[in-house]
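Reading through the structure tokens given below for one structure.
Numbering (this note's numbering), first residue to last: 15 to 509.
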């Protein structure tokens, strides 16, 4: 029995049955169960698995082909950016990889001089005159900004050249190769110095833009949306001929309009000088106001996701700027400027002209010795004191300067010079002292007469820290100093 059982086991081991297990093994291991005489080499079965490798390469190639358009777009944008940046930034391209703090940022205020001319229009008389001049002052701490237009006809003393319209400063600086420490070289440097000496504001950077840049930039972002709110119920109309269309230069009703680059350029130039014009109540001031409005619209559109995510728009925008803009920003500084500006909403950007700052006109008409119609300060020829004060107030981070309270200091002691000493103290804190005099009587303690009706809270708080909280609202000096916001009676306690 034992022998029979062994024989059966041997037979089972050498001759597989026709059951499932045997077939499975043979399929899985085709050479198992064959003898040498029955074995035949199968070249097809034993050759390397090249097809699998080929399939893998095909997948890679497909992936590359899918990514190729995006790679080419990125490469093309990179090349165009580098080419245009080399023209804008004088060949300095490596700053794109870094971000540099801006000049003035340590003090919380960056001032940029922007100027526009028609240098791209060779057939235009006076094409290099900067007929558009604007100061953009950015508060980098509170994410706010001020746009201030400087009228092209402002009659100023151009350093080294004498009195002329301010739009001539750039031309003089270019012809004379202006070069002075603290300012840019050439025409923009002389314009910076002229503005500083006349208006009292130091600009850290400049951008010179020709009108083609503005037109092409508007087209590059797909046009801009502006709201016309003219003093005339019909809107804005300037029948000066648009030679490219044969129609009027501007014809826009009140309300919201989508403007192409060409339409925006026409609006930026229109002053309503032609007979039959309406809506341009302030002529050139209306023009500069429209320019500020459109720059805000362009800034909003350019920084929107629809532009930044669109390669075609970015490419066109790079072309528009590269061909027609010059600046002394380094590219790493421009990256920082972008980071700052994207956090400033248009609602936090205030727009002004010197003819209307909170309802006050700081300019007057003047005909110079050459018979030109110009503009001078309302206070008189070369008297820029009021204008400097209001610009200082608009562009300061000091809340006391911004409130611009009118303070009178009266000496209520028997000691000479007390009022003058306190005037110097208050001015050093950023406050404005309009008058100093003697009080009608002496007193032991100092007092603050508050005539501001609560409109100057920061100033009142600062005065209380100096003179105490003995504050009066009744004002016995009202007839003597009707415009004063505060009257300080300096008592014996401050001697």
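We put the beta carbon where it would ideally sit given N, CA and C, even for glycine.
| query | result |
| --- | --- |
| Kindly indicate which three-state DSSP category residue 155 falls into: helix, strand or coil? | coil |
| What span of residues does the alpha helix (DSSP H) with residue 315 cover, start to end? | 298–316 |
| Taking the beta carbon of residue 211 as the centre, do at least 16 other beta carbons fall within 10 Å, making it buried, or is it exposed? | exposed |
| Thinking C-beta only, is residue 484 closer than 8 angstroms to residue 461? | yes |
| Measuring alpha carbon to alpha carbon, tell me which of 187, 129 and 284 ends up nearest residue 164. | 129 |
| Would you be able to state if there are at least three C-beta pairs under 8 angstroms between the stretch 259–267 and the stretch 280–290? | yes |
| What residues in its chain sit with their C-beta under 7 angstroms from that of residue 416, if we drop five residues either side in the sequence? | 407 and 410 |
| Is residue 494 a contact residue of the ligand ATP, with contact defined as CB to any heavy atom under 7 angstroms? | Among the components modelled here there is no ligand, and therefore nothing to report on the ligand ATP. |
| If you pair each beta-carbon of the stretch 174–188 with each one of the stretch 196–208, do three or more pairs fall below 8 angstroms? | yes |
| Could you name the residues of the same chain whose beta carbon sits closer than 8 angstroms to that of residue 466, not counting the 5 residues immediately before and after it, in chain order? | 419, 473, 474, 499 and 500 |
| Taking its Cβ as the centre, do 16 or more other Cβ atoms sit within 10 Å of residue 229, making it buried, or is it exposed? | buried |
| With H, G and I counted as helix, E and B as strand and the rest as coil, what does DSSP make of residue 392? | coil |
| Counting only runs of 4+ residues fully inside the stretch 195–241, write out the alpha helix (DSSP H) ranges in chain order. | 201–213 and 225–234 |
| How big is the Cα-Cα spacing for residue 112 and residue 345? | 9 angstroms |
| Specify, as a first and last residue, the run of the alpha helix (DSSP H) that residue 414 falls within. | 413–417 |
| Here's a check: name, in chain order, each residue in its chain whose Cβ is nearer than 6 angstroms to the Cβ of residue 404, leaving out the five neighbours to either side. | 371 |
| Per DSSP, which residues does residue 270 bridge with? Please list them. | 241 |
| What's the C-alpha gap between residue 513 and residue 181? | The shown model of the chain, from 15 to 509, leaves out residue 513, and the question about it has no answer. |
| On a Cα-Cα basis, can you pick out the residue from 236, 268 and 240 that is closest to residue 249? | 268 |
| Is DSSP giving residue 387 helix, strand or coil here? | strand |
| Between which residues of its own chain and residue 375 is the CB-CB distance below 6 angstroms, once the five residues before and five after are set aside? | 369 |
| With a threshold of 8 angstroms, are at least 3 pairs of Cβ atoms found where one atom belongs to the stretch 143–160 and the other to the stretch 238–248? | no |
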